[in-house]
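In our numbering, the protein residues as written are 1 to 195.
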């Protein structure tokens, strides 16, 4: 495996971690605020968020493939713009959030309908990243699998941590995730401009 292949694997992993930060933050919040939160609820959140993150990445990639031939010369610029936009938005949302949970407003136990809504809401970024991946040379089956597995793992861990540690991780995770997406976008842009 060459240097470029290892570099691409690392980039996919970092994208997966960055994308999972929204789901992680929601899982921490849910674990902290939901009544009667159990470990099986954390596992269920992981399954939902993993499937949605992976699926939306694939959908975005297919959408991007349908237009990539028309904007191929500008692919790295499109990838940079999309990743930078998502990263900046994640950081802005994290800074604006009030991470506190009032016990009088405690959420009901985790439901399938609620997890579906949260799965869609937290995977919109994955859809956009999927579009950006269509403009660079990437194995989408591998990328979407890694994104789904990482989202599963971090969401499950987030639910369990939320039950125990509260708001400590929530805002920081989203800021770090946003910064990672911006840096990967800059890397893609610089590779195109330099090489």
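A virtual CB, placed ideally from N, CA and C, is assigned to each residue, including glycine.
Give the range of the alpha helix (DSSP H) segment to which residue i is assigned.
{"i": "residue 34", "result": "No alpha helix (DSSP H) contains residue 34, which DSSP labels as neither H nor E."}
{"i": "residue 157", "result": "140-165"}
{"i": "residue 58", "result": "39-68"}
{"i": "residue 128", "result": "112-133"}
{"i": "residue 84", "result": "75-96"}
What do you get for residue i, buried or exposed, if any count of 16 or more other CB atoms within 10 angstroms of its CB means buried?
{"i": "residue 92", "result": "exposed"}
{"i": "residue 111", "result": "exposed"}
{"i": "residue 48", "result": "buried"}
{"i": "residue 82", "result": "buried"}
{"i": "residue 116", "result": "exposed"}
{"i": "residue 86", "result": "buried"}
{"i": "residue 150", "result": "buried"}
{"i": "residue 16", "result": "buried"}
{"i": "residue 73", "result": "exposed"}
{"i": "residue 10", "result": "exposed"}
{"i": "residue 67", "result": "exposed"}
Return the chain-ordered list of same chain residues with a C-beta closer than 8 Å to the C-beta of residue i, the five sequence neighbours on each side being excluded.
{"i": "residue 186", "result": "80, 84"}
{"i": "residue 160", "result": "31, 39, 42"}
{"i": "residue 163", "result": "31, 32, 37, 42"}
{"i": "residue 88", "result": "178, 182"}
{"i": "residue 175", "result": "90, 91, 94, 95"}
{"i": "residue 136", "result": "75, 76, 79, 188"}
Please return the same chain residues whose Cβ sits closer than 7 Å to the Cβ of residue i, not counting the five positions on each side in sequence.
{"i": "residue 65", "result": "134"}
{"i": "residue 14", "result": "180, 184"}
{"i": "residue 173", "result": "21, 24, 25"}
{"i": "residue 194", "result": "none"}
So, at 6 Å on beta carbons, what are the nonlocal neighbours of residue i in its own chain, with the 5 sequence-adjacent residues on each side left out?
{"i": "residue 46", "result": "152, 155, 156"}
{"i": "residue 140", "result": "61"}
{"i": "residue 177", "result": "18, 21, 90"}
{"i": "residue 158", "result": "24, 27, 28"}
{"i": "residue 12", "result": "143, 146"}
{"i": "residue 189", "result": "76, 80"}
{"i": "residue 54", "result": "144, 147, 148"}
{"i": "residue 113", "result": "none"}
Could you check how far apart the C-beta atoms of residue i and residue j are, in whole angstroms? I think they sit under 8 Å.
{"i": "residue 59", "j": "residue 165", "result": "Going by Cβ atoms, the distance from residue 59 to residue 165 rounds to 33 Å, so no, they are not a contact pair."}
{"i": "residue 132", "j": "residue 71", "result": "About 12 Å; that fails the 8 Å criterion."}
So is the beta-carbon of residue i under 7 Å away from any non-hydrogen atom of the ligand MN?
{"i": "residue 157", "result": "You won't find the ligand MN in this model; it holds no ligand whatsoever."}
Touching by the beta-carbon criterion (3+ pairs, under 8 Å), the segment 18-36 and the segment 118-129: yes
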